[in-house]
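Trainee: Position one of the first sequence corresponds to residue 1 (this note's numbering), numbered consecutively onward. To start, I am sharing the structure in question, which I have written as structure tokens.
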Amino acid sequence: MARAQKTQNIKKISPLKKSDVKKAPMITTYDPKKIESAIQKKWEKEKPFKAFSSAKTKKKPFYALSMIPYPSGTGLHIGHPRSYTATDIVARQKRMEGFNVLNPMGYDAFGLPAEQFAIQNKVHPKKAVAMNVATFERQLKKLGLSFDWDRKINTTDPEYYKWTQWIFLKLYNSYYDTKKQKATSIESLISIFEKRGNKDVSAYASGEVQEFSKQEWLQMTPLQKQETLMRYRLAYEGIAEVNWCEELGTVLANDEVVDGKDGPVSERGGYPVTKKNIRQWFLRITAYADRLLSGLNEIEWPEHIKEIEKNWIGRSEGAEISFKLDIPGQSENKHSVKVFTTRADTLFGVTFIAISPELAQSWIDAGWSPDVSVARYTKQTIQEHQKATFDATQKKTGVYTGVYAKHPGTGENIPVWVTNYVLPGYGTGAIMGVPAHDERDFEFAKEYGLPIKNVIDPVYIRPDVIARTDFTKKHKVVSLVEAPDGKILTMNWGPKLGGRLLLGGTIEKGETPEQTALRELKEETGYVHGDIVSVSEETFDYKYFATSKNVAYQALTRFVHIKLRDLEKEEASLEENEKGLFKVEWVSKEHAKKEIVEVLHLYALDLYAFQTPFCGEGVIARSGEFSGLSSLDARKVIAEAVGGTLVTRYKMRDAIFARQRYWGEPVPLYKDAQAIIHEVKKLPLTLPNTASYEPTGTGEGPLANIPAWKKGGYETNTMPGWAGSSWYYLRYMDAANKKKFADEKEIRYWKHVDIYLGGGEHATGHLLYARFWHKFLKDYGLVHTEEPFKKFVAHGMILASDGRKMSKRWGNVVNPDDVINIYGADTARLYIAFMGPYTEAIPWSEESIVGSRRFIERLYKKGLRVNAENTTKTDLSALKAIHKLIQKVSLDIASCSFNTAVAKAMETMNILESASISKKDFSVFLQVLYPFVPHVTEYLWSQWNKEPIHTSKWPRADKKYTREENVTIGVQINGKLRGNITIPFNSSEDSAKKHALEEENVRKYIEGKTILKVIYVQNRIVNIVIKP
RNA sequence: GCCUAGGUGGUGGAAUGGUAGACACGUGACACUUAAAAUGUCAUGAACGUAAGUUUGUGCGGGUUCGAGUCCCGCCCUAGGCACCA
């Protein structure tokens, strides 16, 4: 899974300089190598971390899981252990709390890197994987992680991928019943077809399937039936445009493609990526879109990861509306174009229809013959689309098709344009252009001079008047006055009276807004040569509170846009009480935008000076009988009134389930001579051996090079890298089972992963796919929870000490082997836990790690001393510290705040070092530290305890010792700290006050002053407020 | 452009609206030592002060509060995600 590096030759990396090695503390008596290897040998022999199967224990289950690693050729780097040690800390603590803990490890070894490695080094991928796994395992074991090694899995093992294939076949043999909201066997769909065709069938399908009757179904040839069923199966074969990488000779998933300098390139290698149509296997993940979305509500995942999945699924509710087409030379009413919109409320603002070039091409293919220039544009733009991923900054282009569409509301003729900015794959490939209320349509309309029709009026209610009902109604104008040099006229009222505003005014009886605007211009500023450019048709409803007059106004406002011919001026005729209240100032429109804060004035500025569309919610206007509705309500009403249908769309696409590669799970299907697909009955269908697993470059997988395979009609693509990792956590529940992927009893017992730790970068890949498979298996009663991972915590990256990502390119990779050699595994683990918050990216520091080592040395020395002194007396201060530590560590492990748990342990150590302490009480300290530094604590523990530490009971904090007797609290005067007092815990207000007022430094401050009040927060603070 | 998370000493970082900088690294001084390392003790945000102490200080500007790193408004910067999804 963590396959970030490009696999190259295995080469020992030693980033630690000689000078660093010197910094390692001198070993006195503590010898981690000796202790750790002895303890690890014992673990290897006694297997204390074996998880019990459900029948063999009465303990409650707890399943802690680290993401399965991809065993790359370079071995572990120091980033890997971050999630492994975290999982290990949780697992060890949960065991002591009495749970039957499952903490397994395995390898996900199919995929590109192993294959690249094999090609470059001329070794079979199987051998390369075995080598890499051996390296990984040696390194993992040196870290002292408490895995149940008996449950180890490897996704490339035929005994494992047999079940990956088995699940694939189950998907292939299923469709999604939209009424029951679950996967159902394809057999039952066939029997429905046999009884009544596909009319009213509640089955999720790709695209629109033509309706057929019972008879028609029965008359279909086997091949036709196969093709029809392919539209419904959850694993299906189809043709799709994919990301094709010529250099790698393979198709790439969207998340494997990144933006390069000249268009998209492969994440691995940086080779150019183009679009290509190719035959593919897909998984119909879109059938589960809603459940994948709603399931997020029931899991404890980081919000940002949920957000990423939410955006990726991209649910949007909208409407499909048909526009009848008027094609020159063809009879009317025959053709129509369907658009998808989430803003059906803006329907009356439509001034053009925009279609994707791909849709235009399909019309041409169906017999439409447009002007040559239109056909040429269509072809060109399709080619552009195929070359690159979409770029939002690209200029919008388009041509008029000569076709008109009839507006379903007004009956008006609306031009249809082919454009480059409509996406072919989303919605219907056609949109209604509403430039007044959509930024993209606005940009396009500006470019081609298309009309802009405003049909949503914003509603402005200032928050300070929201609750009021006593409005005085007034008709007003707001004028945007432009000087010949483009500057904007503003009135600066100063900070108290509303700051900078545009020119406003009240419409007197019998006046038009234009007249009002010009009159006010003259009266307030003296300018006389203004020309009216435009007046808003719409009246904006603006409720505000005039502080100076103490009145709430409902201002029904019209906008007026005025341009001055020149700056000629007469005397302004201000009323006496207005004089000197404001200054007339000319500013740039950008300046105005910055300083004007009134929303309505800003809107006038946006509309006239910046000319940006209004995309928010408001009131429907100039839309016939719908005017006056709120835009939210109007969505549904207007869509239905014009015969549209409400639909839900998703951004997420079906997942391509194929790689044109050798090193993957074979697809267990074959085609006979008639191209009929059959299942492979005996699983696993093993990957055949071959010497040439290089890509064919044709789009077929390397398996096509094997004559016997090809002859057998087998699929030449293999499954993608994420196939094996989509269900591996279930295999751990019963890894040795030969008959099932896991026994029913074990699945019921373990249920799901309780805590899953790994990288957040898998949010839209592995994590989403695993959730999908889990839901699918649940539909068949094979698992019993809706979600596979109850809690997920994403670790932060460990950066190199230079703050960059660790990479061979920079030569800054830290190898855990080196760290363990110098400092020992316990120190490495402790430092990884201590270095910072688990979820944050933190640079590795060769300087700071010595602190962790020093702590362990002190612990070790104290342990030996405790053993030698053998006292029964423990100082009260030590007991208190230990019991507070129990509290803190228990809480911190539960919330993955390992760094603060370690800090508290260090604090405790500082107290214990100089205290007298009994073996019994020191044992408690060892227990609490055990999850972090298991070797040294187990070693010390076993000096005087018979029972093993890992089965000892997690200690509980005794209230007797955690309760405080005295507290030292601060005394503030007017919020500033002036002294401390130590008073009994939970002191009364009176006694605290008394002590506070007696404090020496405090007395200095209050002498001769009047005390206004005293605030006392128990056990926190005393604040004395005095008259300054 | 949009969404999400952040911005605290020389460094990693800590802090339920209540004594900012816990813990650790580094640095300085001292002890031990022929010496160095290791270890131990003390100090360590900045400025002023012999000191007691004072001022100032959690990206910037405002606000709420007896009291703001924490809450609210606006801005700047960094990281991650999405990016013509109608």
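C-beta atoms are modelled at their ideal positions from N, C-alpha and C, and glycine is treated no differently. Computed from a prediction, not measured in an experiment: that's the story for all the values here.
Output the boundary residues of the beta strand (DSSP E) element that contains E679.
Mentor: Segment 677 to 679, the beta strand (DSSP E) holding E679.
Trainee: For the beta strand (DSSP E) that contains E241, what are its first and last residues?
Mentor: Run containing E241: 235 to 245, per the beta strand (DSSP E) assignment.
Trainee: Which class does G851 belong to by DSSP, given the choice of helix, strand or coil?
Mentor: In this structure, G851 counts as helix in the three-state DSSP scheme.
Trainee: Quick check: T968 and N986, are their CB atoms within less than 8 Å of each other?
Mentor: No; because the gap between Cβ atoms is not below 8 Å, this pair is not in contact.
Trainee: If you draw a straight line from the alpha carbon of Y729 to that of V123, how long is it in whole angstroms?
Mentor: The straight-line gap from Cα to Cα measures roughly 30 Å.
Trainee: Under three-state DSSP, which class holds T346?
Mentor: Helix.
Trainee: Relative to the alpha-carbon of P720, which residue among P684, D672, R771, R659 has its alpha-carbon at the smallest distance?
Mentor: Here the closest residue by C-alpha is R659.
Trainee: Where does R649 sit, in a helix, a strand or coil, going by DSSP?
Mentor: DSSP places R649 in strand when its eight states are reduced to three.
Trainee: Between the C-alpha atoms of I1026 and N974, what's the straight-line distance to the nearest angstrom?
Mentor: The straight-line gap from Cα to Cα measures roughly 7 Å.
Trainee: Do you know whose CA, among F168, S206, W493, M797, lies nearest R649's CA?
Mentor: Nearest C-alpha to R649: S206.
Trainee: Of the choices T351, Y608, Y175, V619, whose alpha-carbon is the least far from that of I431?
Mentor: Cα-wise, what sits closest to I431 is T351.
Trainee: In whole angstroms, what is the alpha-carbon distance linking Y176 and L189?
Mentor: About 10 Å.
Trainee: Using alpha carbons as the reference points, say which of A289, I832, E571 lies closest to Y527.
Mentor: Nearest of A289, I832, E571 to Y527, Cα basis: E571.
Trainee: Let's test the definition: count the other Cβ atoms within 10 Å of the Cβ of W810 and tell me whether it reaches 16, buried, or not, exposed.
Mentor: Classification for W810: exposed.
Trainee: Between T490, G486, P484, which lies nearest to V478 when the distance is taken from Cα to Cα?
Mentor: Nearest of T490, G486, P484 to V478, Cα basis: T490.
Trainee: Comparing alpha-carbon positions, which option in L283, K142, K953 lies nearest I167?
Mentor: The shortest C-alpha separation from I167 is found at L283.
Trainee: Do E965 and P984 come within 8 Å of each other at the CB atom, strictly closer than that value?
Mentor: In contact: P984 and E965 (Cβ atoms closer than 8 Å).
Trainee: List the residues that DSSP assigns as beta-bridge partners of Q554.
Mentor: Q554 pairs with K473, K543.
Trainee: Please report the residue range of the alpha helix (DSSP H) in which P81 lies.
Mentor: Looking at the DSSP string, the run of the alpha helix (DSSP H) that includes P81 is 80 to 96.
Trainee: Where does V533 land, buried or exposed, given buried means 16+ other C-beta within 10 angstroms?
Mentor: Classification for V533: exposed.
Trainee: Check this for me: beta carbons of M733 and W722, under 8 Å apart or not?
Mentor: Cβ distance not < 8 Å, so M733 and W722 don't count as in contact.
Trainee: Alpha carbon to alpha carbon, how far is L703 from W709? Give it in angstroms, no decimals.
Mentor: Taking the straight line joining both Cα atoms gives about 7 Å.
Trainee: Using the C-alpha atoms, what's the distance from H995 back to V1014?
Mentor: Taking the straight line from one Cα to the other gives about 12 Å.
Trainee: Classify N910 as helix, strand or coil using the three-state DSSP reduction.
Mentor: Of the three classes helix, strand and coil, the one that applies to N910 here is helix, per DSSP.
Trainee: Just how far apart, CA to CA, sit E679 and R829?
Mentor: Taking the straight line from one Cα to the other gives about 49 Å.
Trainee: So what does DSSP say about I1015, is it helix, strand or coil?
Mentor: Of the three classes helix, strand and coil, the one that applies to I1015 here is strand, per DSSP.
Trainee: To the nearest angstrom, report how far apart T539 and L503 are at their CA atoms.
Mentor: The straight-line gap from Cα to Cα measures roughly 17 Å.
Trainee: Short check: CB of I755 to CB of V273, under 8 Å?
Mentor: Taking 8 Å as the Cβ cut-off, I755 and V273 do not qualify as a contacting pair.
Trainee: Beta carbon of N689, beta carbon of T696: below 8 Å?
Mentor: No.
Trainee: Kindly indicate which residue of H752, V129, V619, V814 has the alpha-carbon position closest to the one of H784.
Mentor: The candidate whose alpha carbon is nearest that of H784 is H752.
Trainee: Measuring straight from C-alpha to C-alpha, what distance separates K904 and K152?
Mentor: Distance between the alpha carbons of K904 and K152 is about 35 Å.
Trainee: Using the DSSP secondary-structure output, state which residues sit across from D743 in a beta bridge.
Mentor: Answer by DSSP bridge pairing: none, since D743 is not bridged.
Trainee: Determine whether the beta carbon atoms of K888 and A878 lie at a separation below 8 Å.
Mentor: Going by C-beta atoms, K888 is not nearer than 8 Å to A878.
Trainee: State whether the segment 63 to 77 contacts the segment 906 to 926, with contact taken as three or more CB pairs (one from each stretch) at a distance under 8 Å.
Mentor: In short, these stretches do not touch, since the Cβ pair count stays below three.
Trainee: Can you tell me the Cα-Cα spacing of V481 and L556, whole angstroms?
Mentor: Distance between the alpha carbons of V481 and L556: 20 Å.
Trainee: Can you tell me which residues form a DSSP beta bridge with E482?
Mentor: The partner list for E482 (beta bridge, DSSP) reads I488, K563.
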